[in-house]
Amino acid sequence: MLVWLILRAAASRLRGWRLYVLMLAAVFVIAWVIMLIAEPSSAAITRPKNFWWWFLVTAFTVGYGDFTPVSVAGRIAGVLVMMTAIGIVAALVGDVLDAAAARRTKRMKGVARVDKTDHFVILGYAADRTGPLAEQLCDDKGAHVVICALPEQAHEHPLPHRDDVSFVRGNFRDPQVLDRAGIGNARAVIVDEHDGDDDGAIVTTLLVHQLHPDLHVVTAAHDTDTTQRLLRTFGPQLECVERHDLPMLSEAAAVPGVTRFYADIRTIGRGADTYSVRLLDDAKGHRLGDLMFRLKDTHNVTVCALADDGSFTTNPPSDTRLNPGMTLYYIADHRLGWEDVRPLLAPGTLPS
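The sequence shown maps to residues 1 to 352 in full-length UniProt numbering.
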């Protein structure tokens, strides 16, 4: 009676697989006790190393017949195991399959909570751009991406074949929806609304910033100048990118501050600019790394690319051998001519 009360109290507090395990354990103990009492002391089936095997093959299959009770009570215990344990196992398997189906349904419908860290969150969805943007972030940056879409934008997961892309469906101006997308643990957020108006994107950006002031947020906008001036007043972690530039959206999310870098080198007359110089005959055979060192030391120049016969290499290797006709691209605060570069190739300038 005491055992029954204990089992009943435990069962009232357990759900799911824990309840099934408790029930199997109870059947196991009851059947074993009956076997110990009813079977002869010499019966192999009552030994611990044999009984658990007999119980498993009887509960999960129809039994192999290698161990068999000989007493009436022992056979009744065997029938008890067949009638109860097999049903419990079937119910357990059914619940596991139902749970897996429910989990898949939640994933497809975007109602599950995302439990990720250091991931990217995209707020807004459009079939022609969000999918490629998410795949670019996953493939190039090796990160997990969460697509958060309004109910009218997507009814189901747009990229169900990608395990590294999650889907959240709901109003992403609702803090609870943002929390479900795991925005507090995100590496960066991309605000990419598609109503054709930058005002909505600005409102969403400021809402995210209010909830998580230190979070890096990149906003896609049509009028980037106006939007950037407004967002910059709230902090450097808010950046703006032209809406059509998907590669830049991806890069800005992964590399905070890169938009300011590109803006600086594209602005003529402010800070460093991008220039090029064509190499002549004296450059033949020299090592690019040596020239890069001397240019930096002499003119504070940063070499960023090299072009040769139609090929273009960004961040070329330092052991590249120079040839006449190559074009060197560099970042500097003034333009250099060949007359500035040639003296740095002279034998006397070689580092010791």
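For every residue, glycine included, the Cβ atom is placed at its ideal position computed from N, Cα and C.
Exercise. For C304, which residues from the same chain have a beta carbon less than 8 Å from its beta carbon, with the 5 sequence-adjacent residues on both sides left out?
Worked result: Closer than 8 Å at the Cβ level, and outside the excluded window around C304, lie T274, T314, N315, Y329, Y330, I331.
Exercise. Which word fits I76, buried or exposed, when buried means at least 16 other C-beta atoms lie within 10 angstroms of its C-beta?
Worked result: Its Cβ having fewer than 16 others within 10 Å, I76 is exposed.
For this session: Report all residues from its chain with a CB closer than 7 Å to the CB of P160; omit the five preceding and five following residues, and keep chain order.
Result: Hits under 7 Å: M108.
Problem set entry | Residues of its chain near I183, where Cβ-Cβ distance is below 8 Å and the 5 sequence neighbours each way are ignored | Excluding residues up to 5 positions away in sequence, V121, V189, V208, L211, H212, L215 lie with their Cβ nearer than 8 Å to the Cβ of I183 in the same chain.
Exercise. What three-state label does DSSP hand D281 in the structure shown?
Worked result: Residue state for D281 is assigned as helix, using DSSP reduced to three classes.
For this session: Decide if the segment 159 to 175 is in contact with the segment 102 to 118; the criterion is three or more beta carbon pairs, one per stretch, under 8 Å apart.
Result: The segment 159 to 175 vs the segment 102 to 118: in contact.
Exercise. Can you tell me whether DSSP reads residue 370 as helix, strand or coil?
Worked result: With the chain running from 1 to 352 in the structure shown, residue 370 is simply not present.
Exercise. Below 8 Å, can you find three or more Cβ-Cβ pairs linking the segment 241 to 256 to the segment 215 to 229?
Worked result: Taking 8 Å as the limit for Cβ pairs, the verdict is that the segment 215 to 229 does touch the segment 241 to 256.
For this session: For the alpha helix (DSSP H) containing E239, list its first residue and its last residue.
Result: Per DSSP, E239 lies in no alpha helix (DSSP H); the unbroken beta strand (DSSP E) holding it starts and ends at 238 to 242.
Problem set entry | Length of the line joining the Cα atoms of T320 and F293 | If you take the alpha carbons of T320 and F293, they lie about 13 Å apart.
Exercise. Excluding the five sequence neighbours on either side, which residues of its own chain have a C-beta within less than 8 Å of the C-beta of V146, listed in chain order?
Worked result: Taken in chain order, the residues that qualify are V114, K116, H119, F120, V121, I122, V165, S166, F167, V168, A181, G182, A186.
Exercise. By the 10 Å Cβ neighbour count, where 16 or more other Cβ atoms means buried, how is A149 classified, buried or exposed?
Worked result: By the neighbour-count criterion, in which a residue is buried when 16 or more other Cβ atoms sit within 10 angstroms of its Cβ, A149 is buried.
For this session: Assuming A44 contacts N50 (C-beta within less than 8 Å), just tell me the rounded distance between them.
Result: Taking 8 Å as the upper bound for CB-CB distance, A44 and N50 are in contact here, some 5 Å apart.
Exercise. Straight-line CA distance for Q176 to T205?
Worked result: For the pair Q176 and T205, the Cα-to-Cα distance works out to about 16 Å.
Problem set entry | Bounding residues of the alpha helix (DSSP H) (the contiguous stretch that carries L291) | L291: member of the alpha helix (DSSP H) spanning 288 to 299, first to last residue.
For this session: Confirm, please, whether the CB-CB distance from L24 to A85 is below 8 Å.
Result: Contact flag set, yes.
Exercise. Taking C-beta to C-beta, are L133 and L249 nearer than 8 Å?
Worked result: Closer than 8 Å, so yes.
For this session: Using three-state DSSP, classify H216 as helix, strand or coil.
Result: Of the three classes helix, strand and coil, the one that applies to H216 here is strand, per DSSP.
For this session: With S250 as the anchor, note down where its alpha helix (DSSP H) starts and where it stops.
Result: From DSSP, the alpha helix (DSSP H) with S250 extends over 246 to 254.
Exercise. Using CA coordinates, which residue listed in G325, T298, K141 is at the minimum distance from A307?
Worked result: Looking at the Cα atoms, G325 is the closest of the given residues.
Exercise. For A38, which residues from the same chain have a beta carbon less than 6 Å from its beta carbon, with the 5 sequence-adjacent residues on both sides left out?
Worked result: The answer, listed in chain order, is S71, A73, G74.
For this session: Using a threshold of 8 Å, state whether the C-beta atoms of L80 and V27 are closer than that.
Result: Against a cut-off of 8 Å, the Cβ pair of V27 and L80 comes out as a contact.
For this session: Let me know if D333 comes out buried or exposed under the rule of 16 or more other beta-carbons within 10 Å of its beta-carbon.
Result: Classification of D333: exposed, given that the 10 Å Cβ count is below 16.
Problem set entry | Cα-Cα separation between L350 and D290, rounded to whole angstroms | Model confidence at L350 stands at a pLDDT of 46, short of 50, so the residue's coordinates are unreliable; what they give is reported in the following sentence. Cα to Cα, L350 sits roughly 7 Å from D290.
Problem set entry | D163, DSSP secondary structure in three states | D163: coil per DSSP, three-state reduction.
For this session: Look at the alpha carbon of L97 and the alpha carbon of D223, and state the distance between them as a whole number of angstroms.
Result: If I take the Cα positions, the gap works out to 50 Å.
Exercise. Which runs of the beta strand (DSSP E), 3 residues or longer, sit entirely within the segment 57 to 122?
Worked result: At a cut-off of 3 residues, not a single continuous stretch assigned as beta strand (DSSP E) sits fully inside the segment 57 to 122.
Problem set entry | R103 versus A112 - alpha carbon distance | R103 and A112 have their alpha carbons spaced roughly 8 Å apart.
Exercise. Shortest alpha-carbon distance to F261 belongs to which of D245, E135, E239, A91?
Worked result: Residue E239 holds the alpha-carbon nearest to the alpha-carbon of F261 among D245, E135, E239, A91.
Exercise. CB A31 to CB F67, shorter than 8 Å?
Worked result: It is not a contact, given that the beta carbons lie outside the stated cut-off.
Exercise. Alpha carbon to alpha carbon, how far is S276 from R342?
Worked result: Spanning the two alpha carbons is a distance of roughly 14 Å.
For this session: Note the first and the last residue of the continuous beta strand (DSSP E) segment covering Y329.
Result: Segment 327 to 332, the beta strand (DSSP E) holding Y329.
Exercise. Smallest Cα separation from D128: which of V93, R243, W53?
Worked result: For the residues V93, R243, W53, the minimum Cα distance to D128 belongs to R243.
Problem set entry | Delimiting residues of the beta strand (DSSP E) encompassing P344 | The amino acid occupying residue 344 in the given sequence is Leu; Pro does not appear at that position. Following the DSSP letters along the chain, one finds L344 in no beta strand (DSSP E), marked with neither H nor E.
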